[in-house]
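Participant: My structure is below; once you've seen it, I'll send some questions.
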Amino acid sequence: MSSIVDALYELKYNPFEYGPYLVSFYTTLEESENNLLLAQLVIPLCSHPVFANKINGAVFGQKIQSSIWSIFDNRTKLYDLQERIDGFQALTEQCIQYCLVNDWLIVNEQRLSLTRSNEVASNLTTRKSAEKLGRLFSGLSVVDIYAFLGVKLR
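This is the structure we're talking about:
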């Protein structure tokens, strides 16, 4: 029975499905040092049952602009974020490898950062929640984001 559950999990959570989330996230994220460390937040937040909808509803205009504080205003709902990060760690690593192999992302070793490659296929489906999460995190340091969300880097 567990093999059926494992197979269903692999079907739902696989690098082919979640690789575009990382590409979309790093497309809109302003380049900064150590932004590679933000990769482990993308899948847990964009697949979260509560925050995926809140992130999708983020507004970025001249008069009204969403922020990390307005989207994650009720941090008690983030009680399981650390567990989700730990649980999706292997998937995140596989997604990064998948994106690097397909030349969708480029690693800058000196800055420990990921950026979108110019070689991204035009038929790659963008993920709005990941794009908006990248906009929310832009301009903030990695340490500030982790401290605000109440999770630890591992």
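Residue numbers (the working numbering): 1046 to 1199. Beta carbons are placed, not taken as given, at the ideal position from N, Cα and C, and that holds for glycine.
Specify, as a first and last residue, the run of the alpha helix (DSSP H) that V1165 falls within.
Facilitator: Per DSSP, V1165 belongs to no alpha helix (DSSP H) and is neither H nor E.
Participant: Counting Cβ pairs closer than 8 Å, one from the stretch 1141 to 1153 and one from the stretch 1111 to 1128, do we hit at least three?
Facilitator: As far as the Cβ criterion goes, the stretch 1141 to 1153 does not touch the stretch 1111 to 1128, which means the pair count is below three.
Participant: Hey, R1207 and F1105: beta-carbon distance below 8 Å or not?
Facilitator: A question about residue 1207 goes unanswered here, because the residues of the chain that appear run from 1046 up to 1199.
Participant: Going by DSSP, which residues form a beta bridge with S1158?
Facilitator: Per DSSP, N1153.
Participant: Contact between the stretch 1063 to 1073 and the stretch 1175 to 1189: three or more CB pairs below 8 Å?
Facilitator: Counting Cβ pairs under 8 Å, three or more are found: they touch.
Participant: Which stretch, first to last residue, makes up the alpha helix (DSSP H) that contains E1176?
Facilitator: K1173 to F1182 is the extent of the alpha helix (DSSP H) around E1176.
Participant: What's the gap between the Cα of L1145 and the Cα of G1184?
Facilitator: Their Cα atoms are separated by approximately 24 Å.
Participant: Helix, strand or coil: how does DSSP classify Q1110 here?
Facilitator: If DSSP states are grouped into helix, strand and coil, Q1110 belongs with the strands.
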